[in-house]
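Worksheet for the structure shown next.
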Amino acid sequence: MTQTIIVALIVAAAVLYTVWTLMPAGWRRAGAARLAQQAARSGMEAETAREWQVRLERAGGCSECASCKGCATPRRNAG
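Residue numbers (our numbering): 269 to 347.
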């Protein structure tokens, strides 16, 4: 029984991590802001809650920097 509960908790944590990592960046930012607000309301220091928010916002999967286009190569005009 105990083993089943431990395995279920591990699987649940893996699912949550996967969903958080692969969700769109906008959703992730909004979710991180909400979690930081809840943490601050529950007694966590504001600075620590802000650090958590920044870390959660950056915990992304593929195309993390797709919105800034900082490393994109310029497109050549065919002409």
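Every residue, glycine too, gets a C-beta built ideally from N, C-alpha and C.
Source: prediction; values computed, not measured.
Q) Run through DSSP, which three-state label would residue 313 get? A) coil
Q: Taking residue 323 as the reference, give the member of 301, 271 and 292 with the closest Cα.
A: Closest option to residue 323, Cα to Cα, is 301.
Q: Measure the alpha-carbon distance for residue 282 versus residue 272 and round it to whole angstroms.
A: 15 Å
Q.
Looking at residue 298: is its Cβ nearer than 8 Å to the Cβ of residue 307?
A. no
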